[in-house]
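Asks: According to numbering that gives the first Met the number 0, the sequence shown holds residues 0 to 932 in order.
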Amino acid sequence: MGFKKKQMLGFGLILLFLAILLSFMMITLNNLKSSMTEIVENRYEKVQASMEIRQLFSRSDREILFAANDANKEERAKSLEIINENHSLIESKIAGLSGTLNKVKAKQLLKEFETQYASYSITEAEIIQKIQAGNASDSLSNLMDDQREKRTKVISTMDDFKDYQEGVMKDTLNNSKQTYEDMIGFVVFAVILSILVISVTVVWMIRSTSKDLLSITKVINNIDFKNLSVVPRVPVRTNDEIGDIARSFNDMAESLEAYNQKEKDFTEKISEQNWIQTRVADMATMYQRIVDVEVLADRFITRLAPMMGASIGAFYVKRGQGDDMRFVKLASFAGDGKDSGRREFRLGEGLIGQCALEKKSKVINDIPEDFQLVTTGLGEVNPKSIVIAPVVFEDEVVAMVELASLEDFTQIQKHFLYQVLDTLGITINNVEGRMEIERLLKESQAQTEELQAQSEELQSQSEEMQAQSEELQTQAEELRMINEQLEERNRETEDKSKELQVAKLNLEKQAEELKLSSKYKSEFMANMSHELRTPLNSILILSEMLSDPNESKLNEEQQEFARVINSSGQDLLTLINDILDLSKVEVGKLEVVFDEMNMSELPELLHRNFDHVAKKKNIDFKIEKDKNVPDIFFTDEQRFQQILKNLLSNAFKFTEKGSVTVQIKKAEEENVAQWIQTKGASNWVEIKVTDTGIGISKEKQKIIFEAFQQGDGATMRKYGGTGLGLSICREFAKLLGGWVIVDSEEGHGSTFTFFIPSMPEGFKNVGEAIAASPEVAAANHDESAAPFDNQKESDAGINNEESPNEAKPFCNKTVLVVDDDHRNIFALKNALKHEGMKILTAENGYECLELLEKGNNIDAILMDIMMPGMDGYETMTRIREQNKFENLPIIALTAKAMKGDREKCLKAGASDYVSKPLKLEQLLSVLRVWLTD
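(1) Scan the segment 302-329 and note each continuous beta strand (DSSP E) run of 3 residues or more that stays entirely inside, going in chain order.
(2) Let's test the definition: count the other Cβ atoms within 10 Å of the Cβ of Met-836 and tell me whether it reaches 16, buried, or not, exposed.
(3) Does the beta-carbon of Ile-194 have 16 or more other beta-carbons within 10 angstroms, so that it is buried, or is it exposed?
(4) Are the beta-carbon atoms of Glu-113 and Ile-82 separated by less than 8 Å?
(5) How about Val-925 and Ile-889: are their beta carbons less than 8 Å apart?
(6) Is Ser-49 closer than 8 Å to Lys-161 when the C-beta atoms are compared?
(7) Got a sec? Which residues, its chain only, sit under 6 Å from Lys-45 by beta carbon, not counting five neighbours each side?
(8) Taking 8 Å as the threshold (beta carbon to beta carbon), is Thr-691 in contact with chain B?
(9) Which partner residues does Ser-331 have in the DSSP bridge list?
(10) What is the rounded straight-line gap between the Cα of Val-741 and the Cα of Leu-553?
(11) Closest to Gly-737 by CA distance: which of Cys-728, Ser-743, Glu-744 is it?
(12) Under 8 Å by Cβ, that's how I've got Ala-388 and Leu-346 pegged, so tell me the actual separation to the nearest angstrom.
(13) Touch check for the segment 620-627 and the segment 664-671: three-plus C-beta pairs under 8 Å?
(14) Under the rule that 16 or more other beta-carbon atoms within 10 Å means buried, what is Val-380, buried or exposed?
(15) Would you say Ala-907 and Tyr-872 are within 8 Å of each other, going by their C-beta atoms?
(16) Starting from Asp-690, trace the alpha helix (DSSP H) both ways and give me its first and last residue.
(17) Mind checking who Tyr-912 pairs with in its DSSP beta bridge?
(18) For Thr-931, count neighbouring Cβ atoms within 10 angstroms of its own Cβ and tell me buried if that reaches 16, exposed if not.
(19) Once DSSP output is grouped into helix, strand and coil, what is the label at Ile-618?
(20) Please classify Val-103 as buried or exposed, where buried requires at least 16 neighbouring CB atoms within 10 angstroms.
(21) Looking at the strands, I want to know which residues DSSP matches up with His-816.
(22) Suppose the cutoff is 6 Å on Cβ atoms and the five residues either side in sequence are ignored; what does the same chain contact list for Val-936 look like?
(23) At which residues does the alpha helix (DSSP H) containing Thr-750 begin and terminate?
(24) Mapping the DSSP letters down to three states, classify Gly-712 as helix, strand or coil.
(25) Would you tell me roughly how many angstroms separate the C-alpha atoms of Arg-668 and Trp-683, rounded to the nearest one?
(26) Is it right to say Ala-309 is buried, meaning 16 or more other beta carbons lie within 10 angstroms of its own, or is it exposed?
(27) Using the Cα positions of Leu-499 and Asn-489, report the straight-line distance between them to the nearest angstrom.
(28) Tell me which residue opens and which closes the alpha helix (DSSP H) that Ser-97 is part of.
(29) Below 8 Å between beta carbons: does that hold for Met-865 and Val-817?
(30) Indicate the three-state DSSP secondary structure (helix, strand or coil) for Ser-546 in the structure shown.
(31) I need the boundaries of the alpha helix (DSSP H) containing Glu-271, first residue and last residue.
(32) Quick one: is the Cβ of Leu-172 within less than 7 Å of any heavy atom of the ligand ZN?
(33) Determine the DSSP secondary structure at Val-233, reduced to helix, strand or coil.
(34) Taking the alpha carbon of Lys-701 as the reference point, which residue from Ala-313, Ala-680, Ser-743 has its own alpha carbon closest?
(35) Please say whether Ala-304 and Phe-332 have beta carbons closer to each other than 8 Å?
(36) Taking the C-alpha atoms as reference points, what is the distance between Ala-475 and Val-501?
And the structure:
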């Protein structure tokens, strides 16, 4: 049975028992309700009605006695009226009871009461007639006696009726009590039974589940992580979710074994390559200072044979051309004189001649018994393997090598031989060239002697030269004509030079236009930054105020709306900053400041900023740092942390389950060199960010580092984002001298590797600070240096922050807000009023100066920079020109964020500087410094 079916069966049984218990309780309570309803609404009403009839009857009887004996005429009339009213009421009560009775005996008693009351009523009517007629007292006395006798019977019958109803009511009450006691007993029994059944069900579920889990745990504990060549498997006993876990583990074990085998194969290949390269280098060193082919052949075969494990060998060099071409043996290894191989051969003669003809190597493992024996001091041994290989230079065989071994030649030995022979042809050609030069030198010496003998002949020929001078004059005329042609060509060259000069001027003009276009682009980006940050400032401040649960009067849903608005505003601000940073990188003017940072604090910093994200998504977050990573590292800490933040944010965003792992280790320079130049770095650090998320397909791994690119449209719709994070990561990494690479498989997670150098001296061109990127320059001054959430507050507010339990420090402080944007005025006005401040507003510099002249006792000014009419710079300058405002705090606010704005504001008279969009805590921290001093 599957795990899910077990759960459903167990909880189904529990719900079934609970349903039965509740059904019985509902039925019992319904019966109890019916009994109580009968007691209260039926029996009690009948008893009450009988009591009322008796009271009316007794009152009528008293009125008759009063009318018959003591009453005067008026009182008698009133008594008779009461008697008639009571009679009508009694008849109506009897009629009402008659309709509600459901017991036979009760109906009989009521019928008897009606009969007796009717008789009593007749006697009562006669008495009333006598009283009204004023007849003698004797006859009235007889009627009164008869009336008393009937009255007694009526009262007795009514008492019997009341007693009967009370008895029925007591019986019903006793039945209700018995029903309640039965219900309590059953409920206790049912609860005990339900507990037993639920306990048995839970124990069954836990035991069946834990048994399978323990088997999986036992297998996992038995894994030898030092040797992953053989990983134990989990037996699959069920087809439920636990069975799926076991199958997944077995698949993982198979993958680990395959990966371990690949790692071993790779290590073996690297070792083989090292072995080959070392010996190839030894052979190349041996070639130096050899000027004779025979010496080369002897040294080569003597050095090569032991490296190849050969027991015998021969080296042949080509001699002659055309039909006379042959290969002559110049050197051998371990030969026995005349019988150590053929002395020479031609193309196509034997296997070695055929290999020379085809320019191919051949390995022979099936050696005939009569082959050349390997001779030792003790005897002779047949070789087991022979290799024949040509030495090729410029597609021509210049030598042949043949080696024989007592063991089969290995694949690595063959590769080594082929690599050595690739360079041997060049070496042979060089040596033969040197020999040819030496031969030519000797010939030139012999020719010098011949030239001396010929000098005498030359003297005799001088006369002939005189005759030839006339011919030279003729040739001089020809040369003059040639000079004229050259002058014509020079003029053409000068014309072309002038054209090149014009083209150069055009290029300079285009460069100037390009520079101007770059300036316009920078100004546009700066203005767009201002236009985007200005409304964003109001959105962030007001949404932050509305989302504060301690201060906001909104309900929880409305506060959540405000938090969503604030979060969206922060995302928009991040997007604006990313676009501006990318623009700065594109023009190559992003400022980087290389300084030392503490790498030992990096794991704690990452945990502090991303543990809550991992906890929220229920993902494992692990950081592994090798001990050999240096604690002190020289780089731009802000850009470094921004890269890690982007990589980790991507990892968490695209990972729904599993883990995110950060590995920090010291990188080998040889490994880094295949990606980027490594000159100038004292050491390298490699940081890997690995996730188990959706992964990236091979064809998409190149475009994800381009701006505004993601894996595909579905990824952007599901996970969001702009596609700038990885582009900024790679560009920042290049600025820091590092690089970012990705290794991923779709559906199996991704690994981003960040190589970064430690640069104590920085780059030589790092002094070229930002000059042509004003649109993002202010981020270097006013936005926090570190991209993580543990940013430090502004310098002005760190040491002056008050405890939240202290009284508000801004009460009765007057602040003048100068801004041409009504949205910012509204936001700042509400935010600062909430802190107890008095707010005055001005829309430009002129209004500000007028308010100051009126003497409003202003404690501080929040001054926007970009305003129509008189901007913030001029306004601050005019304020400072007045001695009485020399110490008035002025906080400059701007959303344009141009390079040098901070220094320009302070120079104009600002006390402090804050860039938009404002962070309310930062603004309050700055105000706290200037208003609580």
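A virtual CB, placed ideally from N, CA and C, is assigned to each residue, including glycine.
Replies: Answer, in terms of the structure:
(1) 311-318
(2) On the sequence shown, position 837 is the one that residue 836 refers to. Burial call: buried.
(3) Indexing the sequence shown from 1 puts residue 194 at position 195. When all chains shown are included, Ile-194 counts as exposed.
(4) For the purposes of this step, residue 113 is identified with residue 114 of the sequence shown, where counting begins at 1. For the purposes of this step, residue 82 is identified with residue 83 of the sequence shown, where counting begins at 1. No.
(5) For the purposes of this step, residue 925 is taken as residue 926 along the sequence shown, with counting starting at 1. For the purposes of this step, residue 889 is taken as residue 890 along the sequence shown, with counting starting at 1. Not a contact, by the Cβ cut-off of 8 Å.
(6) Along the sequence shown, one-based indexing puts residue 161 at 162. Along the sequence shown, one-based indexing puts residue 49 at 50. Yes.
(7) The residue given as residue 45 occupies position 46 in the sequence shown. Around Lys-45: Gln-164.
(8) Looking at the structure shown, chain B is missing, and only one protein chain is on hand.
(9) As a first step, residue 331 must be located in the sequence shown, where it is residue number 332. Answer by DSSP bridge pairing, in chain order: Ala-313.
(10) As a position in the sequence shown, residue 741 is number 742, starting the count at 1. As a position in the sequence shown, residue 553 is number 554, starting the count at 1. Computed Cα separation, rounded: 47 Å.
(11) Start at 1 with the first residue of the sequence shown, and residue 737 comes out as number 738. When each option's Cα is compared against that of Gly-737, the closest is Cys-728.
(12) Numbered from 1 along the sequence shown, position 389 holds the residue referred to as residue 388. Numbered from 1 along the sequence shown, position 347 holds the residue referred to as residue 346. Contact flag wrong, Cβ pair sits at about 15 Å.
(13) yes
(14) Position 381 of the sequence shown, counting from 1, holds the residue named residue 380. So Val-380 ends up on the exposed side.
(15) Working through the sequence shown from its first residue, we reach residue 907 at position 908. Working through the sequence shown from its first residue, we reach residue 872 at position 873. Closer than 8 Å, so yes.
(16) Locating residue 690 in the sequence shown gives position 691, where the first residue counts as 1. Element bounds for Asp-690: not the alpha helix (DSSP H) but the beta strand (DSSP E), 682-690.
(17) Taking the sequence shown and counting its residues from 1, one reaches residue 912 at position 913. According to DSSP, which records beta bridges pairwise, Tyr-912 is partnered with Ala-891.
(18) Residue numbering aside, residue 931 sits at position 932 when the sequence shown is read from its first letter. With fewer than 16 Cβ atoms within 10 Å of its Cβ, Thr-931 is classed as exposed.
(19) Working through the sequence shown from its first residue, we reach residue 618 at position 619. In this structure, Ile-618 counts as coil in the three-state DSSP scheme.
(20) Residue 103 sits at position 104 when you count from the first residue of the sequence shown. Per the 10 Å Cβ criterion, exposed.
(21) As a working mapping, residue 816 is identified with position 817 in the sequence shown. Per the sequence shown, residue 816 should be read as Val rather than His. Answer is Thr-840, Leu-861, bridged to Val-816.
(22) Absent from the model: residue 936. The displayed extent of the chain is 0 to 932, so no value can be given.
(23) As a working mapping, residue 750 is identified with position 751 in the sequence shown. Looking at the DSSP string, Thr-750 is not in any alpha helix (DSSP H); the run it does join, the beta strand (DSSP E), is 749-757.
(24) Position 713 of the sequence shown, counted from the start, is the residue given in the question as residue 712. In this prediction, Gly-712 scores a pLDDT of 44, lower than 50, which makes its location untrustworthy; the coordinate-derived value is nonetheless stated afterwards. Of the three classes helix, strand and coil, the one that applies to Gly-712 here is helix, per DSSP.
(25) Reading the sequence shown from its first residue, position 669 is the one you call residue 668. Reading the sequence shown from its first residue, position 684 is the one you call residue 683. Before going on, a small fix: residue 668 reads as Glu here, not Arg. Using only the alpha carbons, I get a separation of about 7 Å.
(26) Sequence index remark: in the sequence shown, residue 309 carries index 310 (1-based). When all chains shown are included, Ala-309 counts as buried.
(27) Walking along the sequence shown from the start, residue 499 turns up at place 500. Walking along the sequence shown from the start, residue 489 turns up at place 490. Leu-499 and Asn-489: Cα-Cα distance of roughly 15 Å.
(28) Locating residue 97 in the sequence shown gives position 98, counting from the first residue. Element bounds for Ser-97: 72-99.
(29) One-based indexing of the sequence shown puts residue 865 at position 866. One-based indexing of the sequence shown puts residue 817 at position 818. Against a cut-off of 8 Å, the Cβ pair of Val-817 and Met-865 comes out as no contact.
(30) Here residue 546 refers to the residue found at position 547 of the sequence shown. In this structure, Ser-546 counts as helix in the three-state DSSP scheme.
(31) The residue you call residue 271 lines up with position 272 of the sequence shown. Unbroken alpha helix (DSSP H) run through Glu-271: 240-285.
(32) Absence of the ligand ZN is noted for the structure shown, with no ligands found whatsoever.
(33) As a first step, residue 233 must be located in the sequence shown, where it is residue number 234. In this structure, Val-233 counts as coil in the three-state DSSP scheme.
(34) Stepping through the sequence shown from its first residue, residue 701 is reached at position 702. Cα-wise, what sits closest to Lys-701 is Ser-743.
(35) Here residue 332 refers to the residue found at position 333 of the sequence shown. Here residue 304 refers to the residue found at position 305 of the sequence shown. Yes.
(36) By 1-based counting over the sequence shown, the position of residue 475 is 476. By 1-based counting over the sequence shown, the position of residue 501 is 502. The straight-line gap from Cα to Cα measures roughly 39 Å.
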